[in-house]
Amino acid sequence: MAEQEGSGLQVLLRTLQNSSDRASILAILQVLADLLSVGTDRRIRYMISKGGSEALLQTLVDTARTASPDYDILLPLFRLLTKVGLRDKKFGQKALELEALDVTLILARKNLSHSQNLLHCLWALRVFASSVTTGAMLGINGAMELLFKVIPPYTRKRTWMIRAATEVLAALLKSKSNSRRAVNRGYVTSLLRLHQDWHGHDTANAFVLIRRALLLCLKHIAALRSGREAFLAAQGMEILFSTTQNALDDRSLEPVISVALQVLRQCYPKSPLPLVAASSAYAFPARGSLPSEPPRVPAEEDFEDEGDEEEDKDSDSEDAKEEDDDLETDVSKLSGKPGLDRPEEELAQYEAMCLELSCSFEELEAKPRDDMNAEEAEHAAHHHIPAAASPKPQHLRKDQSSRGPEREDTVRTPLLGMVKRGRSTGQPASRKGPGMNPYQNAQSNGLGVDSSGNEILDILAFLREDTWDVDMTSCPRMRDSFSDSTGSRDTADVIDRLLQTHPQHAPFHDPRVYLAKARGTRSVADFQTMAFPDLWGHCPAPSPEPMLERKRGIQRIKIFEDIRRFIQSGDIINKVVFSLDEPWQNTATSCLRFSSKFESGNLRKAIQVREFEYDLLVNTDVNSTQYQQWFNFKVSGMRAAVPYRFNIINCEKPNSQFNYGMQPTMYSVKEALLGRPTWKRTGYEICYYKNHYRESTAVTGGASRKCYYTLTFAVTFPHSEDVCYLAYHYPYTYTALMTHLDILRKSVNPRKVYFRQEVLCQTLGGNPCPLVTITAMPESVSADHLEQFRQRPYHVLTARVHPGESNASWVMKGTLEFLVSSDPVARLLRENFIFKIIPMLNPDGVINGNHRCSLRGEDLNRQWLAPRPQLQPTIYHAKGLLYYLRSIGHSPVVFCDFHGHSQKKNVFVYGCSIKETLWQAEPAVGTSAVLEDVSYRTLPKILDKVAPAFTMSSCSFLVEKSRASTARVVVWREMGVPRSYTMESSYCGCNQGPYQGLQFGTRDLEEMGAMFCLGLLILELKSVSCSCQLLTRAAALLGAEDEALDHHLQRCAQTADEEGGRDAGAQAGLPTAAAQTDPGQTKEETLPSKVFSPLRGSFSGRCQRWSVPRRRARLGLKGLQGTQ
């Protein structure tokens, strides 16, 4: 039947080409029109495959070349050609070969006064011009000159024909040769005049599509340098700016505004950044040859999720797309186990880092601590995370300031009372709008009220009374403390006096300890001051902070402001007020004062643009010319209730969560001294977009130049003459970590908790990289108990290999505090595992304000394949420690590297799977012969059920070639650890689950660290290797008498397991059955849901953290024993 239909169509087409009978031709054209009126695409493509395009074009040429062309034939023929040509990719070439282009142009010239005939010719020309080659040929034959005769100034007559002509012209100008011809013949000025005329007269916006087509013509011309020069010379920037600036909010003009904005951005003169050099302002004489900087390979979180930012899209489609061509498809590389990268005898040095395996513990038995008895230690560990409500300020003794309030004043909920369900208290405030102050209770008159209701004197007046300078208080100097004890005592005295009048109660923090640790921190720039937030400490915000609602059209508003600055420069100050490269410029007094010369600070230059607006430039990573993202700087000299605008103009990433609800963070010194020492989200009218700055040609050597992006935001400060710190995310410095570890060590009961801090190695900058070991002390020094202690499996956790990912440190902080706490889950984990933790793999980068690199300008998470001790010491020794654990039969059960993600929301993990990688890549080799332990999915699925911020849907287990040298892949491949992960926490917040629509605070990140620990316990309880002794111990510690809760949790878990069983197949694009019958599946994945259900717990609300009644967290663990 199909053959008969095909032969019938071919007969019609042959007849059409060969017939000279008018009636026959008209009849065939009518039949073809009817055929193509239904099921258009399929029938048209079929007709094209049978030579339909050639038949129609040949008929056009034959009919047009007669002495008197018959328009009764030509008009339906043009309509058919338009319909067919749009779907024939070779239509232009066919028309060129059959000379249909010339014929159509001739017909158009003959019908300039005949609108109907001309309109049909223009339709055909529009289709011909869709091919750049045929468009160029039409330009050579005078098509543009013809069209300018057709396109008149504003008129209400023949508008259909004018629209068609402008659209043909826009299509022709896609050809560069046509655009050059248009420039040479002065058509740019003509197009601008036409645009002005139509814009000025079309007050009813009835001809928006004509106006848009005229702007498209200018857009295509502006793709050429000569076109941009002609546009600028014709005052095009001023004309387009004036005609569109007042129509930005008119939705009916969206097609016009969008194209006008693109033309203005194209033609805005490109310029290099206002910096003396592209490299960092800081230099470090690194050992060995510095790595060359090839074109940047996108990082795991660098995928651009909004492709055309020039379109000003406000959608939130942010899922990163995996690049299939980057997937590793070589099975030998995926499954091979490389040998050691160093001599085996070198591993002996790591025995000293595992003293828990050889220690007799006799020296610790019955030996009380000097500074804290067992009861105090138990209490200190008990209160490891603050309650959401602000604690009542207390005047603390020096030895008490970091250990929390008195025991009877607080009640804490076990972790299991916080398992994923939702928030019951602390509802988020309404979304911040323009001008709203994030410090709702701040007093702008200089007086404050502490949380007890007592008035506090003006801080500045207080400081002046005591002859203190606000800058000195907010950023105390430590210069003298390095050289003599007098300066050290002076600084300590200042801190003591501040603490006496303004008690500090940040958990697990002590300014005195911080000061002592800061003296040992070494920086490239030899920082002489300490940032006040780091010194004083941070308390989590008392309530969740919602994502900022994006103001419609904010991106184009900011772009138009940039263009206004270029066109109307009369009010531009353009004064450098801070510069690391030119420090003599840092003396301005009638403006804001900036500084970044403190630990983790990053601001290179500040330029005052207008009275309350500043352009800022951040520093590149040391020994690098890229990675500009992290910022952290101090600003002072502000006025309250005045909106200040900051434009960070040298960002690198093509998109940012700042476009999707994320805000920067701010810390106010006055607020801190008033009892509110908190980093808070701040800013409004936030936007992130491509600007006109380009990388200098001196850097690129004439190659393609890198684009830069602007982050712009407005801030209204809570107090006048305050000192505030603004940062990309909640800062967490190296000195803060060392302070935290020191206080944690002193807080634990040494008879119950084994907490050992040692030095993994020295960094290139001379800073010790800490290694922490946490487990439970053996019950006694008997041989059996020591043997049980030494047989405990290991978990290895690392963080902060990328310095700018401070959120990873907050997650690690929550993990550390939880593991030393008295929570039943933490006790079980300590009694059954040994935790090796490297909380900061890149101390030097953190100290010096880098975003991604070490002092050598290297991404350390791309150095795991072959690290060298002289060049990448922290990676070399971290890998060596893992090699050593494997060599003694203690390969970690879980390895996890904590990271931060700038492009996606929520918390999720990246893991490694051979099968999923091969399934995704669809290589020639089959996967049926590949056996794989699918237990790598168990922990993420557990976290998805228990952690409010975690989402399984964002997890990926693909192995990419570009990630072959990351910690996750190397530990999986070389150490044979199937559960090797990178855990990513968003800088922004959540778009799903209980925290949907909320930005992450430090409390949420710390909670994620604790929830990760809970996941590790559930992972063990789900394991077939889990001992009955652990199950019994879990039941005894966690409480298992609530049958009703047990029944409810089992029902929930059945649903969870049914959904979870489909995860692997769905994620890899496989049918469910294939995923469930995978030959590589282990017993661990097929355990009854009853094993998993009791550990689900109940979640009673985030705001009363650790204070919900204990009964809510009881677990039904009775079913666990019966399933083993």
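Using the working numbering, you'd call the opening residue of the sequence shown number 7 and step up by one each time.
From the three backbone atoms N, C-alpha and C, an ideal C-beta is built for every residue, glycine too.
All of these numbers come straight from a predicted model, not from anything done at the bench.
Secondary structure of CYS657, DSSP reduced to three states: strand
Span of the alpha helix (DSSP H) around MET672: Per DSSP, MET672 belongs to no alpha helix (DSSP H); it is in the beta strand (DSSP E), 671-674.
Span separating the alpha-carbon of TRP1112 from that of PRO546: Only weak support is given to the placement of TRP1112: the predicted model assigns it a pLDDT of 32, under 50, and the value that follows is read from those uncertain coordinates. Their Cα atoms are separated by approximately 14 Å.
Assumed close pair GLU565, TYR695 - CB separation to whole angstroms, cut-off 8 Å: Sequence check: residue 565 is Ile here, not Glu. Correct: roughly 6 Å between the Cβ atoms.
Other residues of its chain near VAL282: CB distance less than 8 Å, five sequence neighbours each side excluded: ASP587 and GLU588
Touch test, the segment 716-730 against the segment 572-587, Cβ-Cβ under 8 Å, three pairs minimum: no
Three-state secondary structure assigned by DSSP to ASP903: strand
CB of VAL530 within 8 Å of CB of LEU861, strictly: yes
Distance, VAL899 Cα to LEU340 Cα: 20 Å
Residue from HIS226, SER25, ALA61 and MET553 with nearest C-alpha to TYR1001: MET553
DSSP-derived helix/strand/coil call for THR716: strand
Other residues of its chain near ALA171: CB distance less than 7 Å, five sequence neighbours each side excluded: LEU128, LEU153, VAL156 and ILE157
Coarse secondary structure for LEU777, derived from DSSP in three states: strand
Whether ILE31 touches LEU18 by CB criterion (8 Å): no
Assigned secondary structure, GLN632 (DSSP; H/G/I helix, E/B strand, else coil): coil
GLY1021 beta carbon less than 8 Å from that of PHE1006: no
VAL787 (DSSP reduced to helix, strand or coil): coil
The alpha helix (DSSP H) enclosing SER196, as first and last residue numbers: 193-207
Near the ligand MG: TYR356 beta-carbon under 7 Å from a heavy atom: The ligand MG is not among the ligands present in this structure, which contains no ligands whatsoever.
6 Å Cβ shell around LYS56 - same chain, five flanking residues per side excluded: LEU15 and GLN16
Classification of ILE54 by the beta-carbon crowding that lies within 10 angstroms, buried from 16 upward: buried
DSSP state of ASN625 mapped onto helix, strand, coil: coil
N- and C-terminal bounds of the beta strand (DSSP E) containing ALA742: Unbroken run through ALA742 is the alpha helix (DSSP H), 740-753; no beta strand (DSSP E).
Meets three-Cβ-pair contact criterion under 8 Å: the segment 749-768 and the segment 864-871: no
Buried or exposed (CB count within 10 angstroms, at least 16 for buried), PRO1115: For PRO1115, the predicted structure reports a pLDDT of 28, less than 50, and the residue's modelled location is therefore unreliable. A value from the coordinates is still provided. By the 10 Å Cβ count, PRO1115 comes out exposed.
Meets three-Cβ-pair contact criterion under 8 Å: the segment 639-655 and the segment 502-520: no
Candidates ARG348, LEU224 and PHE839: closest to HIS883 by CA position: ARG348
7 Å Cβ shell around ASP203 - same chain, five flanking residues per side excluded: PRO159 and TYR160
Chain-order list of residues whose beta-carbon lies under 8 Å from that of PHE247 (same chain, five-residue window excluded): LEU270, PHE566, ILE569, ARG570 and ILE573
The segment 940-947 contacting the segment 870-885, beta-carbon criterion three pairs below 8 Å: no
Alpha carbon of SER812 to alpha carbon of ALA354, nearest angstrom: 33 Å
DSSP state of SER183 mapped onto helix, strand, coil: helix
Pairwise C-alpha distance: ASP748 and ARG503: 23 Å
7 Å CB neighbourhood of VAL174 in its chain, flanking five on each side removed: LEU128, LEU131, ARG132, ALA135 and LEU153
Inter-residue Cα distance where the pair is GLY543 and TYR633: 28 Å
Beta-bridge partners of GLN614, as assigned by DSSP: LYS581 and TYR620
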